[in-house]
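Asker: Sharing a structure with you now.
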Amino acid sequence: MTFFTAMGYYGYGYGYPGFGFYWDPTLIFVIVGAVISMWASGRVQSTFAKYSRMGSMSRMTGAETARRILDSQGLYHVQVRSVSGNLTDHYDPRTKTVNLSQSVYGSTSVASIGVAAHECGHAVQDAQAYAPLNIRSALVPVANIGCKLSWPIILIGLLLGMTPFLHLGIILFSLSVLFQLITLPVEYNASSRAVSLLGQLGILQGNEVGAARKVLNAAALTYVAAAAATILQLLRLIILFGGRNRDDR
Ligand SMILES: [Zn+2]
322 MTFFTAMGYY GYGYGYPGFG FYWDPTLIFV IVGAVISMWA SGRVQSTFAK YSRMGSMSRM
382 TGAETARRIL DSQGLYHVQV RSVSGNLTDH YDPRTKTVNL SQSVYGSTSV ASIGVAAHEC
442 GHAVQDAQAY APLNIRSALV PVANIGCKLS WPIILIGLLL GMTPFLHLGI ILFSLSVLFQ
502 LITLPVEYNA SSRAVSLLGQ LGILQGNEVG AARKVLNAAA LTYVAAAAAT ILQLLRLIIL
562 FGGRNRDDR
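Residue numbers (the numbering used here): 322 to 570.
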């Protein structure tokens with residue numbers, strides 16, 4: 322293993338195709354992952370844009386929807402706030418706040434109502450101590466450390482020719498995969514809670530419910546794509562370094 326190949330690996334180590342020093346066939350995994358992610362993100366944006374133009378019969382805004390759902394679940398202490406940015410909506414379990422982007426907060430579209438209801442779905446999960454949400458929250462710091470350290474440790478392993486470092490790097494990277502996988506039930510569950518509450522409370526009616534479901538399904542697909550891309554990267558690491566032993570130098 323030469324210094325240049327090691328630097329080559331490191332150069333495109335963060336997941337995007339950089340055509341470094343030579344073509345590595347396993348880069349196809351990274352490219353496929355990037356294409357899936359771009360496709361999913363384009364799809365959520367176009368679906369959101371489409372149903373942003375569909376007004377709801379109830380004429381409730383995202384903020385009013387959130388308040389109504391939270392109150393219906395006895396979550397009077399959870400605040401609804403407006404945050405800047407596009408598709409930046411999230412629930413913060415530390416501050417017990419539903420944060421809605423400006424385009425969702427004040428809009429009466431079916432898309433905005435769907436997104437607002439989804440974030441309330443997370444608030445309900447939090448209140449009910451929904452296990453996957455708790456596991457996910459506990460994994461955040463671990464996954465962050467794993468993500469930051471995995472490539473530097475793999476690089477050290479390559480430079481020193483030490484297999485245990487390569488394997489440690491792969492284990493650290495797999496923590497990110499674990500995090501992405503536990504995110505999936507959390508997201509799908511929040512959306513299914515959202516859709517049924519929107520129907521039950523009469524905030525959306527008839528085909529509006531199906532439209533909100535389409536928006537939320539498109540959003541959930543971005544998490545599936547992210548998980549798939551990370552799994553592909555993990556496979557690549559295993560193929561490149563997983564079977565390596567001391568004799569390979
Ligand atoms: Zn969510």
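For glycine and all other residues, C-beta sits at the position ideal for the given N, C-alpha and C.
#1: By Cβ distance below 7 angstroms, which residues in the same chain neighbour L555 in space, the five residues on each side in sequence not counted?
#2: Determine contact between the stretch 452-461 and the stretch 478-494, defined as no fewer than three beta-carbon pairs at a distance below 8 angstroms.
#3: What residue does the alpha helix (DSSP H) around Q501 start on, and which one ends it?
#4: With burial defined as no fewer than 16 other Cβ atoms inside 10 Å of the residue's Cβ, what is the status of D410: buried or exposed?
#5: Would you report the Cα separation of I352 and Q366, rounded to the nearest angstrom?
#6: Just the C-alpha distance for I474 and T386, rounded to the nearest angstrom, thanks.
#7: If we count the other Cβ atoms within 10 Å of its Cβ and call it buried at 16 or more, is V431 buried or exposed?
#8: For W360, does the count of other Cβ atoms within 10 angstroms reach 16, so buried, or fall short, so exposed?
#9: State whether the stretch 441-457 contacts the stretch 513-520, with contact taken as three or more CB pairs (one from each stretch) at a distance under 8 angstroms.
#10: Which same chain residues end up closer than 6 angstroms to I349 when comparing Cβ atoms and leaving out the 5 residues on each side of it in sequence?
#11: Compare the C-alpha of D413 against each of I456, V425, S405 and V399 and name the closest.
#12: Taking 6 angstroms as the line, does the beta carbon of E385 fall inside it for any heavy atom of ligand 1?
#13: Could you tell me which whole beta strand (DSSP E) segments of length 3 or greater appear in the stretch 398-481?
#14: Assuming S513 and S428 are in contact, meaning their beta carbons sit under 8 angstroms apart, how far apart are those beta carbons, in whole angstroms?
#15: By how many angstroms is the C-alpha of A548 removed from the C-alpha of F369?
#16: What is the DSSP secondary structure of G354, counted as helix, strand or coil?
#17: From R402 to P485, what does the alpha carbon distance come to, in whole angstroms?
#18: Can you tell me which of the three DSSP states G563 falls into?
#19: Are the CB atoms of A437 and G383 within a distance shorter than 7 angstroms?
#20: For the candidate residues E529, L489 and Y397, whose alpha-carbon lies nearest to that of K417?
#21: Of all residues in the structure, which have a C-beta closer than 6 angstroms to any heavy atom of ligand 1, taken in chain order?
Answerer: According to the data block:
#1: On the sequence shown, position 234 is the one that residue 555 refers to. Counting only residues of its own chain and dropping the five nearest sequence neighbours on each side, L555 has a CB closer than 7 angstroms to the CB of F494, S495 and V498.
#2: Taking 8 angstroms as the limit for Cβ pairs, the verdict is that the stretch 478-494 does not touch the stretch 452-461.
#3: Here residue 501 is taken as the residue at index 180 of the sequence shown, counted from 1. T484 to Q521 is the span of the alpha helix (DSSP H), which, as asked, contains Q501.
#4: Looking up residue 410 in the sequence shown gives position 89. Classification for D410: buried.
#5: If you number the sequence shown from 1, residue 352 lands on position 31. If you number the sequence shown from 1, residue 366 lands on position 45. Distance between the alpha carbons of I352 and Q366 is about 21 angstroms.
#6: Taking the first residue of the sequence shown as position 1, residue 474 is located at position 153. Taking the first residue of the sequence shown as position 1, residue 386 is located at position 65. C-alpha separation (whole angstroms): 47 angstroms.
#7: What you label residue 431 is simply residue 110 of the sequence shown in a count that begins at 1. It is buried - the Cβ of V431 has at least 16 other Cβ atoms within 10 Å.
#8: In the sequence shown, the residue the question calls residue 360 occupies position 39. Flag for W360 reads exposed.
#9: Contact holds: three or more Cβ-Cβ distances are below 8 angstroms.
#10: Numbered from its first residue, the sequence shown carries residue 349 at position 28. Taken in chain order, the list of residues that qualify is empty.
#11: Numbered from its first residue, the sequence shown carries residue 413 at position 92. Nearest option by C-alpha distance: V399.
#12: One-based indexing of the sequence shown puts residue 385 at position 64. Not so, every heavy atom of ligand 1 lies at least 6 angstroms from the Cβ.
#13: Fully enclosed beta strand (DSSP E) runs of 3 or longer: 400-404, 411-413 and 418-422.
#14: As a position in the sequence shown, residue 513 is number 192, starting the count at 1. As a position in the sequence shown, residue 428 is number 107, starting the count at 1. So it is not a contact: roughly 23 angstroms between Cβ atoms.
#15: As a position in the sequence shown, residue 369 is number 48, starting the count at 1. As a position in the sequence shown, residue 548 is number 227, starting the count at 1. Cα to Cα, the separation comes out at about 21 angstroms.
#16: Against the sequence shown, residue 354 aligns to sequence position 33. Per DSSP, reduced to three states, the secondary structure at G354 is helical.
#17: Taking the sequence shown and counting its residues from 1, the one referred to as residue 402 is at position 81. Taking the sequence shown and counting its residues from 1, the one referred to as residue 485 is at position 164. Distance from the CA atom of R402 to the CA atom of P485, rounded to whole angstroms, is 47 angstroms.
#18: On the sequence shown, position 242 is the one that residue 563 refers to. DSSP places G563 in helix when its eight states are reduced to three.
#19: Stepping through the sequence shown from its first residue, residue 383 is reached at position 62. Stepping through the sequence shown from its first residue, residue 437 is reached at position 116. For G383 and A437, yes; Cβs fall inside 7 angstroms.
#20: Mapped onto the sequence shown, residue 417 falls at position 96. For K417, the nearest C-alpha among the options comes from Y397.
#21: A residue is listed when its beta-carbon falls short of 6 angstroms from at least one non-hydrogen atom of ligand 1; in chain order these are H439, H443, E508 and A511.
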